[in-house]
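There are 2 protein chains.
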Amino acid sequence: MLYTSEAIESAIESLSSLPTIGRKTAQRLALHLLRQPKEDVEKLAHALLAMKERVLYCSVCCNLTESDPCPICTSQKRNRSVICVVEEPNDLFAIERTNEYFGLYHVLHGALNPLEGIGPNELKLKELLHRMGNTEHPVDEVILAMNPNVEGEVTTQYLTKLLKPLDIKVSRLARGIPMGSDLEFADEATVSRALQGRVSL
Amino acid sequence: MLYTSEAIESAIESLSSLPTIGRKTAQRLALHLLRQPKEDVEKLAHALLAMKERVLYCSVCCNLTESDPCPICTSQKRNRSVICVVEEPNDLFAIERTNEYFGLYHVLHGALNPLEGIGPNELKLKELLHRMGNTEHPVDEVILAMNPNVEGEVTTQYLTKLLKPLDIKVSRLARGIPMGSDLEFADEATVSRALQGRVSL
Numbered sequence: 040m041l042y043t044s045e046a047i048e049s050a051i052e053s054l055s056s057l058p059t060i061g062r063k064t065a066q067r068l069a070l071h072l073l074r075q076p077k078e079d080v081e082k083l084a085h086a087l088l089a090m091k092e093r094v095l096y097c098s099v100c101c102n103l104t105e106s107d108p109c110p111i112c113t114s115q116k117r118n119r120s121v122i123c124v125v126e127e128p129n130d131l132f133a134i135e136r137t138n139e140y141f142g143l144y145h146v147l148h149g150a151l152n153p154l155e156g157i158g159p160n161e162l163k164l165k166e167l168l169h170r171m172g173n174t175e176h177p178v179d180e181v182i183l184a185m186n187p188n189v190e191g192e193v194t195t196q197y198l199t200k201l202l203k204p205l206d207i208k209v210s211r212l213a214r215g216i217p218m219g220s221d222l223e224f225a226d227e228a229t230v231s232r233a234l235q236g237r238v239s240l
Numbered sequence: 040m041l042y043t044s045e046a047i048e049s050a051i052e053s054l055s056s057l058p059t060i061g062r063k064t065a066q067r068l069a070l071h072l073l074r075q076p077k078e079d080v081e082k083l084a085h086a087l088l089a090m091k092e093r094v095l096y097c098s099v100c101c102n103l104t105e106s107d108p109c110p111i112c113t114s115q116k117r118n119r120s121v122i123c124v125v126e127e128p129n130d131l132f133a134i135e136r137t138n139e140y141f142g143l144y145h146v147l148h149g150a151l152n153p154l155e156g157i158g159p160n161e162l163k164l165k166e167l168l169h170r171m172g173n174t175e176h177p178v179d180e181v182i183l184a185m186n187p188n189v190e191g192e193v194t195t196q197y198l199t200k201l202l203k204p205l206d207i208k209v210s211r212l213a214r215g216i217p218m219g220s221d222l223e224f225a226d227e228a229t230v231s232r233a234l235q236g237r238v239s240l
């Protein structure tokens with residue numbers, strides 16, 4: 040045993056099983072926690088347990104929530120005819136931060152990636168198609184907000200093929216020069232997309 | 040509230056209070072934990088709580104331990120006349136990994152750093168001096184194994200002044216070219232120290 044205490048060893052082991060945290064960082068975190076007051080460590084441990092205990096997936100949009108359906112799906116202020124499809128909950132929060140989107144969401148929990156064995160069945164696609172058949176609140180438009188990488192592109196194409204026959208307007212986020220950046224420093228693919236998607240003034 | 044769940048928010052807040060973990064990493068960790076089986080999250084939380092509960096400081100060498108005095112201080116195989124002084128528990132483990140040191144340790148829990156308000160009273164110096172007065176197991180040599188930076192140097196000098204009058208041999212780790220590296224790529228300070236500390240063959 041490297042450490043003089045089994046308790047430290049198992050804490051380091053648990054911490055280093057987290058993504059982006061290696062053995063060295065886990066050691067530093069464990070020694071940091073040992074220096075902190077007991078209340079702080081308890082707060083962290085209980086916050087993790089409470090999160091795991093209370094958070095579930097919304098049965099409508101598959102977003103993380105404490106109440107099912109989630110506050111966005113039940114909100115009366117939301118436009119129920121538009122659904123924005125995102126890969127992960129983090130993407131949903133990125134769009135919410137704009138304060139400019141008032142439709143609903145659907146979280147796929149991933150993108151198609153045949154190399155890693157992620158096919159249509161691994162994503163929340165069944166749930167999305169089920170929502171398309173909702174006669175009480177018909178869906179007019181689906182906005183595809185996948186990440187601009189290979190997996191995102193493939194997922195966008197797959198969803199387009201899936202949704203178009205249902206006679207629903209399918210759109211996707213614009214690609215172009217990000218705000219605050221320099222044209223000079225943008226990569227070729229981005230400039231090329233910005234040219235293709237140019238807007239008449 | 041950014042997230043649709045208070046429980047996620049407070050877990051992210053607790054996680055991002057850890058060193059080297061910012062808000063974005065904390066978000067990623069929280070979402071990762073939500074995807075893991077409940078047992079894994081419980082294992083992590085309980086490991087942290089158990090560590091905080093069971094680990095204490097050895098009353099002799101101030102190292103982290105579950106039993107006081109620690110296994111190193113109570114070991115009969117250790118040479119009780121040599122004490123290696125280190126800054127942090129991690130430094131102790133670095134020396135233990137060599138499997139070539141069989142004396143005792145003393146962990147200072149820091150290095151002198153007047154700019155950050157860390158003076159002699161903030162370090163475990165009193166405990167070290169107390170050990171020097173042990174008549175049952177007299178100390179012959181103290182090895183100073185501070186880090187090779189300004190704070191470490193200052194601490195080394197301070198300890199040397201403190202221990203020399205007690206008629207104890209005081210030594211410190213050799214400075215020089217690290218094994219496996221190239222002379223060509225070593226910095227000037229390291230080469231200079233290696234020259235000064237050259238060994239006759």
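Each protein sequence line maps, in turn, to chains R and F. For the first sequence, the positions run 40 to 240 when the working numbering is used. For the second sequence, the positions run 40 to 240 when the working numbering is used. Ideal Cβ positions, reconstructed from N, Cα and C, are used throughout, including at glycine.
Counting only Cβ-Cβ distances below 7 Å, N129/F has contacts in chain R at Q66, L70, in chain order. Ranked by Cα distance from A184/R, the first of L201/R, H169/R, V209/R is V209/R.
With distances taken between CA atoms, T59/F lies nearest to A69/R out of E78/R, V178/R, A69/R. Annotation: the continuous beta strand (DSSP E) that includes R211/F extends over 208-211.
For C112/R, the enclosing alpha helix (DSSP H) stretches over residues 110-113. Our two residues, F132/R and K82/R, have alpha carbons roughly 25 Å apart in a direct line. Looking at the DSSP output, I51/R sits in no beta bridge, so it has no partner there.
For the region 87-114 of chain R, the residues whose beta carbon sits under 7 Å from a beta carbon of chain F are, in order, L87, L88, A89, M90, K91, R93, V94, N102, L103, T104, E105, C109, P110, I111. A direct Cα-to-Cα measurement between V178/F and D226/F gives close to 36 Å.
Among the residues facing chain F, V80/R is included, as its CB has a counterpart in that chain under 8 Å away. What I47/F touches in chain R, judged by beta-carbon distance under 7 Å, is M90, V94, L103, going in chain order.
Exposure of L234/F is indicated by the presence of fewer than 16 other C-beta atoms within 10 angstroms of its C-beta.
Taking 8 Å as the upper bound for CB-CB distance, C123/R and Y140/R are in contact here, some 6 Å apart.
In this structure, G236/R is the residue among Y197/R, S56/R, N118/R, G236/R with its C-alpha nearest to the C-alpha of R214/R.
When DSSP assignments are scanned along the region 110-185 of chain R, the uninterrupted stretches of beta strand (DSSP E) that are 3 or more residues long and fall wholly within it turn out to be 118-125, 142-146, 180-183. Any Cβ of chain R closer than 8 Å to the Cβ of K77/F would place that residue at the interface, and such an atom is present. The residues R119, S120, in chain order, have a CB closer than 8 Å to that of H176/R in the same chain once the five nearest residues on each side in sequence are set aside. Within chain R, the C-beta atoms nearer than 7 Å to that of A50/F come from A86, L87, M90, in chain order.
Here the alpha carbon of G219/F sits roughly 17 Å from the alpha carbon of R136/F. Between S53/R and chain F, the shortest Cβ-Cβ separation is below 8 Å. Chain R has no Cβ within less than 8 Å of the Cβ of P159/F. In this structure, DSSP gives L103/R an extended state, which the three-state scheme calls strand. The C-beta separation of I134/F from V146/F comes to about 11 Å, leaving the pair out of contact by the 8 Å criterion.
The three-state secondary structure of L240/F, taken from DSSP, is coil. Between Y144/F and N102/F a beta carbon distance of about 6 Å is seen, short of the 8 Å cut, so the two are scored as contacting. Going by DSSP, D79/R is part of the alpha helix (DSSP H) stretching over 77-93.
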